[in-house]
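Novice:
Residue numbers (the numbering used here): 18 to 292.
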């Protein structure tokens with residue numbers, strides 16, 4: 018047993034979709050969440066910058082008593098790849114491996130679509146990981162850079178004309194390709210689930226990277242006998258590198274409920290000094 022918290026970080030609010038699933042699967046666990054909202058989006062940065070940000074985010078997590086760290090960020094996961102030692106001696110996972118494992122198990126026609134930030138798609142990381150499992154899979158990847166600002170600014174409703182237009186523009190080539198499985202390679206994208214599902218149709222399975230990372234963490238901690246022994250509901254501590262007021266306002270869209278507790282701001286000087 019291990020009563021330490023699970024650490025989760027993302028470039029913004031999208032990682033809260035992972036937190037929501039973690040809380041559902043392991044309600045007694047404490048969770049520490051950091052959203053680097055001052056530097057969002059990571060997906061438009063260079064590989065070197067993304068890796069530096071990830072190093073700082075991991076260092077911040079390690080300042081707390083955590084037993085596992087989850088990079089609930091598709092961009093970071095794509096750059097780090099399947100390196101399970103990214104956090105040193107603390108168990109670590111990104112969203113990449115858990116997501117591709119599920120996608121490969123779900124596809125029936127062997128055609129998988131991947132959507133993510135520009136950096137994620139450019140890296141080709143999802144395609145490489147998929148082919149280590151199923152070399153003959155057909156993969157089509159499309160960057161969707163406007164999805165994150167749409168979600169962060171509340172334009173994600175399935176009936177929102179802006180969301181519908183952008184979804185159609187981005188996903189048209191994927192739909193034409195005839196995929197039966199679509200990886201939502203950024204943890205913001207599940208907030209657009211309904212708009213994406215409406216356009217892609219009921220025969221296309223949508224795979225949420227945040228949810229898959231949470232399921233992987235649950236299986237890992239269970240298998241290693243590292244679950245908490247507490248029988249009461251765990252706490253979630255929130256940290257942000259930008260406005261805590263905005264964090265409060267936006268969190269509901271990702272968690273499905275208002276935040277209970279406080280959000281603490283991490284000064285940029287503190288964050289950049291960590292690595």
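The beta carbon of each residue, even a glycine, is placed where N, CA and C say it ideally should be.
Using the C-alpha atoms, what's the distance from residue 78 back to residue 291?
Specialist: About 10 Å.
Novice: Report the residue ranges of all beta strand (DSSP E) runs contained in full by the segment 131-198; include only those spanning at least 3 residues, in chain order.
Specialist: 155-160, all fully within the segment 131-198.
Novice: Just how far apart, CA to CA, sit residue 221 and residue 19?
Specialist: Residue 221 and residue 19: Cα-Cα distance of roughly 39 Å.
Novice: When burial is assigned at 16 or more other CB atoms within 10 Å of the CB, is residue 232 buried or exposed?
Specialist: Its Cβ being crowded by 16 or more others within 10 Å, residue 232 is buried.
Novice: Which residue comes first and which comes last in the beta strand (DSSP E) that contains residue 27?
Specialist: 22-27 is the span of the beta strand (DSSP E), which, as asked, contains residue 27.
Novice: Have a look at the DSSP bridge pairing and note the partners of residue 280.
Specialist: Bridge partners of residue 280: 255.
Novice: Output the boundary residues of the beta strand (DSSP E) element that contains residue 30.
Specialist: Neither: residue 30 is in no beta strand (DSSP E) and is coded neither H nor E.
Novice: Can residue 264 and residue 283 be called in contact, C-beta distance under 8 Å?
Specialist: No, they are not a contact pair.
Novice: My output table needs one value for residue 75: the three-state DSSP class, helix, strand or coil.
Specialist: The answer is helix: DSSP assigns residue 75 an H, G or I state.
Novice: Report the option in 250, 37, 159, 174 whose CA atom is closest to the CA atom of residue 194.
Specialist: Comparing Cα-Cα distances from residue 194 to each of 250, 37, 159, 174, the minimum goes to 159.
Novice: Using 8 Å as the threshold, is the segment 117-126 in touch with the segment 165-181, meaning 3 or more CB pairs across them?
Specialist: Touching, no, given that fewer than three Cβ pairs across the two stretches are closer than 8 Å.
Novice: Using the Cα positions of residue 247 and residue 89, report the straight-line distance between them to the nearest angstrom.
Specialist: C-alpha separation (whole angstroms): 25 Å.
Novice: Could you check whether residue 213 and residue 188 sit closer than 8 Å to each other, using their CB atoms as the reference points?
Specialist: Yes.
Novice: Alpha carbon to alpha carbon, how far is residue 63 from residue 186? Give it in angstroms, no decimals.
Specialist: Each residue's alpha carbon lies about 25 Å from the other.
Novice: Return the Cβ separation of residue 201 and residue 36 in integer angstroms, given the expectation that the two are a contact with Cβ distance under 8 Å.
Specialist: Actually they do not touch by this definition, with Cβ atoms about 16 Å apart.
Novice: Counting along the chain, where does the beta strand (DSSP E) carrying residue 85 start and finish?
Specialist: Residue 85 -> beta strand (DSSP E) spans 83-88.
Novice: Quick one: what does DSSP say residue 125 is sitting in, helix, strand or coil?
Specialist: Residue 125: coil per DSSP, three-state reduction.
Novice: Pull up the CB-CB distance for residue 27 and residue 137, whole angstroms please, since I reckon it's below 8 Å.
Specialist: So it is not a contact: roughly 13 Å between Cβ atoms.
Novice: Residue 65: which of 80, 95, 40 sits nearest, CA to CA?
Specialist: Cα-wise, what sits closest to residue 65 is 95.
Novice: Which first and last residues belong to the beta strand (DSSP E) in which residue 50 is found?
Specialist: Taken as a continuous stretch (DSSP letters only), the beta strand (DSSP E) holding residue 50 covers 48-52.
Novice: Mapping DSSP to helix, strand and coil, what is residue 229?
Specialist: Residue state, collapsed to three classes: helix.
Novice: Once you ignore the five residues that flank residue 275 on each side, which residues in its own chain have a CB closer than 6 Å to its CB?
Specialist: Only 269 meet the Cβ criterion.
Novice: Compare the Cα-Cα distances from residue 161 to each of 241, 139, 76 and report the closest residue.
Specialist: Taking only the C-alpha atoms, the option nearest residue 161 is 139.
Novice: Quick check on the burial criterion: 16 or more other C-beta atoms within 10 angstroms. Buried or exposed for residue 253?
Specialist: Burial call: buried.
Novice: Based on the DSSP secondary-structure assignment, which residues constitute the bridge partners of residue 107?
Specialist: Partner(s): none; residue 107 has no beta bridge.
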